[in-house]
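Chemist: Taken in sequence, the protein lines are chains A and B.
Every number in the working numbering is 546 more than the matching position in the first sequence, counting from 1.
Every number in the working numbering is 976 more than the matching position in the second sequence, counting from 1.
Glycine included, every Cβ here is placed at the ideal spot set by N, Cα and C.
The structure follows.
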Amino acid sequence: DAKTTQPPSMDCAEGRAANLPCNHSTISGNEYVYWYRQIHSQGPQYIIHGLKNNETNEMASLIITEDRKSSTLILPHATLRDTAVYYCIVRVVGANSKLTFGKGITLSVRP
Amino acid sequence: EPEVTQTPSHQVTQMGQEVILRCVPISNHLYFYWYRQILGQKVEFLVSFYNNEISEKSEIFDDQFSVERPDGSNFTLKIRSTKLEDSAMYFCASQGQANQPQHFGDGTRLSIL
Chain A
547 DAKTTQPPSM DCAEGRAANL PCNHSTISGN EYVYWYRQIH SQGPQYIIHG LKNNETNEMA
607 SLIITEDRKS STLILPHATL RDTAVYYCIV RVVGANSKLT FGKGITLSVR P
Chain B
977 EPEVTQTPSH QVTQMGQEVI LRCVPISNHL YFYWYRQILG QKVEFLVSFY NNEISEKSEI
1037 FDDQFSVERP DGSNFTLKIR STKLEDSAMY FCASQGQANQ PQHFGDGTRL SIL
């Protein structure tokens, strides 16, 4: 079972920041936080991941609390194309550990 | 940007028939995976593969399933005798180095009649 909990859905206005929360209170020291998204029935798309520190790339920022029990994915300027299901996943550090998907959060970006 | 490609995009098969789903991982990637997603449900892990061996498999991946990397470029999932409940989207993923992200293809929709 997934070790994360996410609200089922949220929406935001186009052009505004979308802040997607995730709880992972039982995360272990050897587990990363990963974010993927799935648009319609396409394959999951990798967004970002982190272990302890906050991370930023061209798609998003990941803020991990100091106790690592929760995190927030930030899409700084949401567009209509960011409407998707976003998955927060805890993944064991290891060469080829699997991803365990939950139900994710459905983000709807409105015009 | 390199991507994982899967063929066919849609496969329709009679129950009891064998089916082979094909994937071309990103070049130079070393770790390979299959996942599936039944309509309206979660994405589920099936199997991981490295160095020509299965690293891990789920309970779903029973004796009817097998994986193979027959040459340097393809990674295949075979279902020997398909059942109605095998109908799902099947996603292939590949990963470059240890602890790097997995990158997914757009899937094969398998419909069992």
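1. Given a limit of 8 angstroms on CB to CB distance, which residues of the stretch 606 to 621 of chain A reach chain B?
2. Relative to chain A, which residues along the stretch 1058 to 1082 of chain B have a C-beta separation below 7 angstroms, given in chain order?
3. Which stretch, first to last residue, makes up the beta strand (DSSP E) that contains His986(B)?
4. Any beta carbon from chain A within less than 8 angstroms of Glu1032(B)'s own beta carbon?
5. Using a Cβ cut-off of 8 angstroms, pull out every chain A residue sitting near Ser1003(B), in sequence order please.
6. So, helix, strand or coil for Arg637(A), using DSSP?
7. Determine the direct distance from the alpha carbon of Ala564(A) to that of Val1019(B), and round the result to whole angstroms.
8. Against chain A, does Lys1018(B) count as a neighbour if the rule is that its beta carbon must be under 8 angstroms from one of theirs?
9. Should Ser1024(B) be flagged as near chain A, meaning a C-beta pair shorter than 8 angstroms?
10. Can a CB atom of chain B be found closer than 8 angstroms to the CB of Val655(A)?
11. Less than 7 angstroms separating the Cβ of Glu1061(B) from some heavy atom of the ligand HEM?
12. Is Leu619(A) helix, strand or coil when you go by DSSP?
13. With 16 other CB atoms within 10 Å as the buried threshold, where does Met991(B) fall?
14. Taking the alpha-carbon positions, what's the Thr1084(B) to Gln993(B) distance?
15. Per the DSSP calculation, Asp557(A) is bridged to which residue(s)?
16. Which residues share a DSSP beta bridge with Ser1070(B)?
17. Run the CB neighbour count on Asn642(A), radius 10 Å, all protein chains shown included, and call it buried at 16 or more, exposed below.
18. So the candidates are Ser1031(B), Phe1080(B), Ile1014(B), Leu1053(B); which of them puts its Cα closest to the Cα of Leu1060(B)?
19. Going straight from the alpha carbon of His623(A) to that of Leu608(A), what length do you get?
20. At a Cβ threshold of 8 angstroms, is Phe1041(B) touching chain A?
21. Flag Phe1021(B) as yes if its beta-carbon sits less than 8 angstroms from any beta-carbon of chain A, otherwise no.
22. With distances taken from CA atoms, which of Pro553(A), Leu621(A), Tyr632(A), Leu645(A) is nearest His586(A)?
23. Output needed for Phe1021(B): all residues of its chain with C-beta closer than 6 angstroms, excluding positions within five of it in sequence on either side, in chain order.
Modeler: With the given structure in hand:
1. The residues in question: there are none.
2. Of all residues in the stretch 1058 to 1082 of chain B, Met1065, Phe1067, Gln1071, Ala1074, Asn1075, Pro1077, Gln1078, His1079, Phe1080, Gly1081, Asp1082 have a Cβ within less than 7 angstroms of some Cβ in chain A.
3. Note, His986(B): beta strand (DSSP E), 986 to 989.
4. Interface residue, yes.
5. None at all; the shortest Cβ gap to chain A is about 17 angstroms.
6. Note: Arg637(A) maps to strand in three-state DSSP.
7. Whole-angstrom Cα-Cα distance: 24 angstroms.
8. By the rule that beta-carbons nearer than 8 angstroms mark a contact, Lys1018(B) touches chain A.
9. Closer than 8 angstroms to the CB of Ser1024(B) there is at least one CB belonging to chain A.
10. Not flagged as an interface residue toward chain B: Val655(A), since no C-beta distance is shorter than 8 angstroms.
11. This structure lacks the ligand HEM; in fact it carries no ligand of any kind.
12. Strand.
13. Its Cβ having fewer than 16 others within 10 Å, Met991(B) is exposed.
14. Each residue's CA atom was taken as its position, placing Thr1084(B) and Gln993(B) some 17 angstroms apart.
15. Asp557(A) pairs with Ser654(A).
16. Answer is Phe1008(B), His1079(B), bridged to Ser1070(B).
17. Label assigned to Asn642(A): buried.
18. Taking the Cα of Leu1060(B) as reference, the smallest distance to any Cα among Ser1031(B), Phe1080(B), Ile1014(B), Leu1053(B) is reached at Ile1014(B).
19. The alpha-carbon atoms of His623(A) and Leu608(A) are separated by roughly 14 angstroms.
20. Answer no: the Cβ-Cβ gap between Phe1041(B) and chain A never drops below 8 angstroms.
21. Using a CB distance cut-off of 8 angstroms, Phe1021(B) counts as an interface residue toward chain A.
22. With distances taken between Cα atoms, His586(A) lies closest to Tyr632(A).
23. Correct list, in chain order: Tyr1011, Ser1034.
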